[in-house]
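Quick look at the structure:
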């Protein structure tokens, strides 16, 4: 059932070179890839963790594609939905998450109370959180007085919720819709996933995603 470069191979110890050898299983070519890149529409109630007893974790949604070396690029909290990237490419993930690189991440939000123009400008300019950290400037595009999109270039714990809380407001729903140039696939229902396209992989690894937010 196995052939390498057109010759049947029965020895399981046979060594192949992925760069040069053509490996077929039952007539279908097997393409080796060192890294795996997945995009998922994370549903509410799931955690981005490899080991969280008693919780539903995003990796369980991968089915047969689940493997122990996968991790999420950053995390969304349990009550935040939307785009997450799952990979085993630690070098690229470390680069895009590095504090010295400001990868833009956009979220659709809904608030409990109307957001005044003054409060919008306050949040956009950077606010001091309760732990003393001052956030970097962000961009808010309102759809109405309670909803819209917010683009940040950081990833502090519950950051967006804490930013709106600093102006006495409360986030009622939050969904990440983009990470750098990669956007949430509208064809993916909550909990669904797919492998990245070649263009998405190129975008994920491109330094173009690491431009500083002005």
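In the numbering used here, the protein residues as written are -17 to 196.
Yeah, the Cβ is synthetic: ideal placement off N, Cα and C, and Gly gets one too.
Query raised in the report: Buried or exposed: which applies to residue 115, given that a residue is buried once 16 or more other Cβ atoms fall within 10 Å of its Cβ?
Result: exposed
Query raised in the report: Are the region 97 to 113 and the region 158 to 169 touching, with three or more C-beta to C-beta distances below 8 Å?
Result: no
Report task. Using alpha carbons as the reference points, say which of 139, 182, 8 and 99 lies closest to residue 117. Result -> 139
Query raised in the report: First and last residue of the alpha helix (DSSP H) that includes residue 104?
Result: 99 to 107
Query raised in the report: Opposite residue 24 in the DSSP bridges: which residues?
Result: 64
Query - Continuous alpha helix (DSSP H) stretch holding residue 17: start and end - result: Premise fails: residue 17 is in no alpha helix (DSSP H) and is neither H nor E.
Query - Status (buried if at least 16 other CB within 10 Å, exposed otherwise) for residue 41 - result: buried
Query - Pick from 96, 132 and 20 that is closest to residue 156, judged by C-alpha positions - result: 132
Query - Exposed unless 16 or more other CB atoms sit within 10 angstroms - verdict on residue 0 - result: exposed
Report task. Could you pull out every residue in the same chain whose Cβ sits closer than 6 Å to the Cβ of residue -11, ignoring the five residues on either side in sequence? Result -> none
Query raised in the report: Straight-line CA distance for residue -7 to residue 7?
Result: 14 Å
Query raised in the report: Expressed to the nearest angstrom, what Euclidean distance is found between the alpha-carbon atoms of residue 153 and residue 79?
Result: 24 Å
Query raised in the report: In three-state DSSP terms, what is residue 44?
Result: helix
Query raised in the report: Is residue 158 closer than 8 Å to residue 27 when the C-beta atoms are compared?
Result: no
Query raised in the report: Are at least three pairs of beta-carbons, each pair with one atom in the region 178 to 186 and one in the region 82 to 98, less than 8 Å apart?
Result: no
Report task. Assess, as a yes-or-no matter, whether the region 46 to 56 is touched by the region 66 to 74 under the definition of 3 or more beta carbon pairs within less than 8 Å. Result -> yes
Report task. Between the Cα of residue 174 and those of 119, 45, 187 and 101, spot the shortest distance and give me the residue it belongs to. Result -> 45
Query raised in the report: Any idea if residue 146 is buried or exposed, counting beta-carbon neighbours within 10 angstroms, 16 or more meaning buried?
Result: buried
Report task. Pull up the distance between the alpha-carbon of residue 75 and that of residue 110, whole angstroms please. Result -> 28 Å
Query raised in the report: Considering only residues of the same chain and omitting the five flanking positions on each side of residue 137, which have a CB-CB separation below 6 Å?
Result: 56
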